Amino acid sequence: MELIHRTVNSVDVLELSGRFDAYEVPMVVEWFEANPDVKQVVVNLHGVGFIDSSGLSALVKGLKRCRQNNGDLYLSNPQQAVSIIFELTRFDKAFSIYDEVQNAIEGFST
Amino acid sequence: MRIALVTTYPPSRGSLNEYAYHFINHLRTKPEVKEIFVLADELPTDSAYPPDDASSGLASLKIIPCWQFGDWRNALRIRKAVRQIKPDVVLFNLQFATFADKRISGALGLLAPWMAKSSRTLSAVLLHNIMETVDLNKAGFGGNQLLENVTRIAGNLFTRMLLKADLVAVTIPKYVDILTEKYGAKHVVLAPHGAFEEIPEPSYDLPNDVIQIMTFGKFGTYKTVGALIEAFQQLQETHSQPLELVIAGTDSPNTPGYLDGIRKQYAHVKNVRYTGYVREEEVPRIFSEAAVVAFPYNSTTGSSGVLHQAGSYGKAVVLPKLGDFAELITEEGYTGEFFEPDDPQSMATAIAKFIENPEYRRQLGTQNYIAASGLPMNEVVDWYLLHFDRLLAKYNFTPVSKAQEAH
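In order, the protein sequences belong to chains G and Y. Residue numbers for the first sequence follow numbering that gives the first Met the number 0, beginning at 0 and rising by one. Residue numbers for the second sequence follow numbering that gives the first Met the number 0, beginning at 0 and rising by one.
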């Protein structure tokens, strides 16, 4: 899996691609550990073709971290296979999920 | 957050007591959880629950025995306890026979989540099994066919009652599908069971110079070793490293004498060792010594317990290309080299990749260890808390702890 980080309007955008499973999760967890004060994060899942429970758990941890800092974590562009997992776990109700990464970034300013 | 759990809890021997014990231990470590009340079943007079615990840095824990296995009044008694405690959330840790082994008492107990909700408390159910998949005989609700049919109809009605809870969590995706499709439920969530404890990370080094290929199980039906021995023979001819094939286990009860026949048929192949029955205490050594674990199956009925074992010992594996087996195990996070079933050449090619590339062997062994470790329960608890937060906000409930802070 690849993780590319960029900052747009003080929002941290994480672009993920590949399989997001237990083997790849440490990369994301380590990013959050290295950025403990992070508040506004968008995780773009456009390039993720597979996510398992460990991947979901990493996102939950990230969300908790952002909310502890009075921020939030939004998701964008999940592929259909990933959306199905979010529906199965009802995390589609727990996370704000946007069709486009730009909309997710703008979601923080509205 | 103030959380009540309706569950069995050690030293009660009721089912799901161990699950509750570990779940609560993890729940207590979460900073957003301030108080936990365990609404447990009453114990025999010679036994007692641990005293209240308000250890620093953990949510306080109070155990309140307020229901009794087999009592038809359990739902009423639990509702009364919930009204007294006034938790933000009441979570029921349930299976269909949690409250009784008799139909009527058992069914009446299952009204408890709905009754708790009617007390204006957010109610959630963790349902470990569903009526559609329960073997009624094994669950103790068997009898003649008519009685079984009546039980199932009643079970459907009580499933609908359980679904009155604000959130119903199940541990298997299939259960979500059934409850969603059959009952039209929109608030059923998948929440993994979670691993109670972390499996210690194994060493990926091999204890000796001989490269062992090991297969484990009961052989003769869908696990057959003839092709594996022929593959091993080819590997010995093409590789200079010292190799050993370990066939660990016995005949399947349905095929007595199978391994004796194989031993005679392949007596000319050197360095094949048959362990016979492997005692429980020998299992770690058998797995630890293996470089590669082989699955010479020609059919499967789902995932594999041996694969989970191989993963927990950090082993590289070779697996058959069978139906959706590869897809299933990949979804579980496992990986390996795949071969055509019953094809010695294909099997040898798959095994050779690990013999020739120790780094690749370690890499896949690590991945399988991670898959076998599963999702820690500590993280599963976060899933529940996230849902509770969402629902408390949705219904505009102010968690007691926050209300207290506001005052």
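Note that beta-carbon positions come from the ideal geometry of N, C-alpha and C, so glycine has one too. Keep in mind that this is a model prediction, so the values were computed, not measured.
Which residues in chain Y have a C-beta closer than 9 Å to the C-beta of Ala110 of chain G? List them in chain order.
Outside the shown range of chain G, which is 0 to 109, sits residue 110 of chain G, and nothing can be said about it.
Stretch-stretch touch, CB-based, cutoff 8 Å, three pairs: the region 16 to 23 of chain Y with the region 220 to 235 of chain Y:
no
Tell me the rounded alpha-carbon separation between Thr120 of chain Y and Ile62 of chain Y.
19 Å
State the beta-bridge partners of Trp66 of chain Y as determined by DSSP.
Y:Asp40
Check whether the Cβ of Pro241 of chain Y lies closer than 7 Å to any heavy atom of the ligand SAH, and answer yes or no.
The ligand content of the structure shown is nil, which means the ligand SAH is not present either.
Are any of the Cβ atoms in chain Y nearer than 8 Å to that of Arg89 of chain G?
yes
Go ahead and pull the three-state DSSP assignment for Gly105 of chain Y.
helix
To which residues of the same chain is Gln366 of chain Y closer than 6 Å at the C-beta, ignoring the five residues directly before and after it?
Thr334
Flag Asp381 of chain Y as yes if its beta-carbon sits less than 8 Å from any beta-carbon of chain G, otherwise no.
yes
Using the three-state DSSP reduction, which class does Val27 of chain G fall into: helix, strand or coil?
helix
Counting pairs of Cβ atoms below 8 Å between the region 274 to 281 of chain Y and the region 227 to 243 of chain Y, do you hit three or more?
no
With H, G and I counted as helix, E and B as strand and the rest as coil, what does DSSP make of Val271 of chain Y?
strand
Report all residues from its chain with a CB closer than 6 Å to the CB of Val27 of chain G; omit the five preceding and five following residues, and keep chain order.
Ala57
Span of the alpha helix (DSSP H), counted from its first residue to its last, around Phe19 of chain G:
From DSSP, Phe19 of chain G is part of no alpha helix (DSSP H) but of the beta strand (DSSP E) over Val10 to Phe19.
I'd like the ranges of any beta strand (DSSP E) spanning at least 3 consecutive residues and lying wholly in the region 142 to 173 of chain Y.
166 to 169
Chain G contact for Ile171 of chain Y (CB, 8 Å cutoff)
no
Reduced DSSP category for Asp176 of chain Y - H, G, I as helix; E, B as strand; rest coil:
helix
Determine whether the Cβ of Glu404 of chain Y lies closer than 8 Å to any Cβ atom of chain G.
In this prediction, Glu404 of chain Y has a pLDDT of 49, which is less than 50 and means its spatial position is unreliable; nothing more can be read from the coordinates.
Check whether the Cβ atoms of Glu336 of chain Y and Ala370 of chain Y sit closer than 8 Å, and answer yes or no.
no
Amino acids of chain Y, ordered along the chain, whose beta-carbon sits closer than 8 Å to that of Val59 of chain G
Glu378, Asp381, Trp382 and Leu385
Determine the direct distance from the alpha carbon of Lys116 of chain Y to that of Leu189 of chain Y, and round the result to whole angstroms.
21 Å
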